[in-house]
Each structure stands twice: as structure tokens, then as C-alpha cells.
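Structure representation (C-alpha cells):
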């Protein structure tokens, strides 16, 4: 049986100038808008280019196909969430474990669910564009930030900070997955966030 050729997902080139970066962001914004309006099956590079106000040729300078578009949109979203995690972890260095848990989970949920419909749409296409690889890459960044935050706690944290950080990441990822797979994530958002903060605080303080 002949091997299937892999569909290229990586961008053709990386934007360097501010104008190029603006064009790419406009294309990715348009990708999300078309995805939300028409769904992934009807999303095409032509429709995205039209929505973004650029030529198809300009779009192809950066993205070879619609899979590359969707992957880039997913990566941008996960990078934004990870940036929020890194920032709050830095801000919470030296705080108490309960303060760390509250700030971390609040920042993560707010970044992830800032636009619930977009998060749900990108989650639905994740498996089609090798989303697990992007999640793994951003997860490494988040783990490092959480480990450094925990290590700075004014309270003792017996055990391996990396293991504790992984437990927290797993709990956050599990709850977010439940939200994104639910019929109305906005309705459960606050309740699940509050319950997760309670869980994480109790877990961290039991380690102290």
C-alpha cells in the first residue's frame, strides 16, 4: 500500500516586519471568523483571504493550505494561554500556596475561556492539525513557570515541585476539556473554576 504524503502544516515563512506580522494576524483572525461562521468543512483559503482582505497569493506566502491555517490559529491561542500562565507565575513568586493556586487557575481559565466559542472551535479541530504536539510544547513552558513559582513559595513544599506542577497542569487540563466538550461552557465556567481552586489549594497545602 503506498504511503500517504503528509500535508504540510508549517507556515511557509515567518513574518519579520510589522506589516507582515499584521497581515498574518489578520489572516489568523479571519480563519477563526470563518471557522465559527461556516465550520471546518466549509473553511477554505479563498474564504479566509476574502475575509482578511488579502489576496490568496498573499495568504499562500505564509500558509500552504487550510490545515496550516488552523494549526497556526491553534498555536497562537495556546501561546496566549501559556503567556498568561508564565506572567502570573512570575507575579506570584514568593506568595503563599493558596495565593498561587488561586492566581494560577484564575489566569489560566480567563485566558482559555476569554472567547469560549473560539476555544471550543479550536478544540474541535485540534486532532486534525497535530494539536497534541503544540499542547506538549506549550505544556513544557507552563510546567517550567509553575515549578519556578512553587519553588519560591514562602511555605514549605515537600516533594518534587515538577511532580506537583504536573498534577496541577493535569487537573487544569481535565477541567478545561470538560468545559470545552460541554453543551454550554459559559454556564459552568465559574463553578468549575471555583471548585478547581478549592481542590488545588487543599492539595498544595496538604503537601506543606
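In my numbering, the protein residues as written are 4 to 211. Note that beta-carbon positions come from the ideal geometry of N, C-alpha and C, so glycine has one too. Here the structure is a predicted model, which is why all the values come from computation and not from measurement.
Would you say the beta carbon of residue 153 is closer than 7 Å to some non-hydrogen atom of the ligand NAP? Ligands displayed in this structure: none; no statement on the ligand NAP is therefore possible.
Note the first and the last residue of the continuous alpha helix (DSSP H) segment covering residue 155. Where residue 155 is concerned, there is no enclosing alpha helix (DSSP H), given that its DSSP letter is neither H nor E.
Quick one: what's got a C-beta closer than 8 Å to residue 192's C-beta in the same chain, skipping five residues either side? 112, 116, 119 and 182
Please classify residue 37 as buried or exposed, where buried requires at least 16 other C-beta atoms within 10 Å of its C-beta. buried
Could you name the residues of the same chain whose beta carbon sits closer than 7 Å to that of residue 54, not counting the 5 residues immediately before and after it, in chain order? So the list reads 33, 36 and 37, once near-sequence residues are dropped.
What residues in its chain sit with their C-beta under 6 Å from that of residue 10, if we drop five residues either side in the sequence? The pLDDT assigned to residue 10 is 49, lower than 50, so where the model puts this residue is not dependable; a value taken from the coordinates is nonetheless given after this. Correct list, in chain order: 70.
For residue 6, which residues of its own chain have a beta-carbon under 7 Å away from its beta-carbon, when the five flanking residues on both sides are left out? For residue 6, the pLDDT reaches just 43, beneath the cut-off of 50, and the residue's location in the model is therefore unreliable, although a value from the coordinates is still provided. Excluding sequence neighbours, residue 6 sits near nothing in its chain.
Please classify residue 132: is it buried, with 16 or more other beta-carbons within 10 angstroms of its beta-carbon, or exposed? buried
If you scan the region 116–150 from start to end, which runs of the alpha helix (DSSP H) of 4 or more residues do you find wholly inside it? 119–128
Residue 4, buried or exposed, once every other Cβ within 10 Å from all chains shown has been counted against 16: Residue placement at residue 4 cannot be trusted, given a pLDDT of 44 that sits under 50; what the coordinates show is reported in the next sentence. So residue 4 ends up on the exposed side.
Cα separation between residue 94 and residue 189? For the pair residue 94 and residue 189, the Cα-to-Cα distance works out to about 27 Å.
Do you know offhand how far residue 127's Cα is from residue 78's? 14 Å
DSSP three-state assignment for residue 48, whether helix, strand or coil: helix
Whole-number beta carbon distance between residue 88 and residue 106, since they are thought to touch under 8 Å: Contact flag wrong, Cβ pair sits at about 10 Å.
Cβ atoms of residue 76 and residue 125: under 8 Å apart, would you say? Result yes, Cβ atoms of residue 125 and residue 76 sit closer than 8 Å.
Residues near residue 83 by beta carbon distance below 7 Å, same chain, minus five either side: 114
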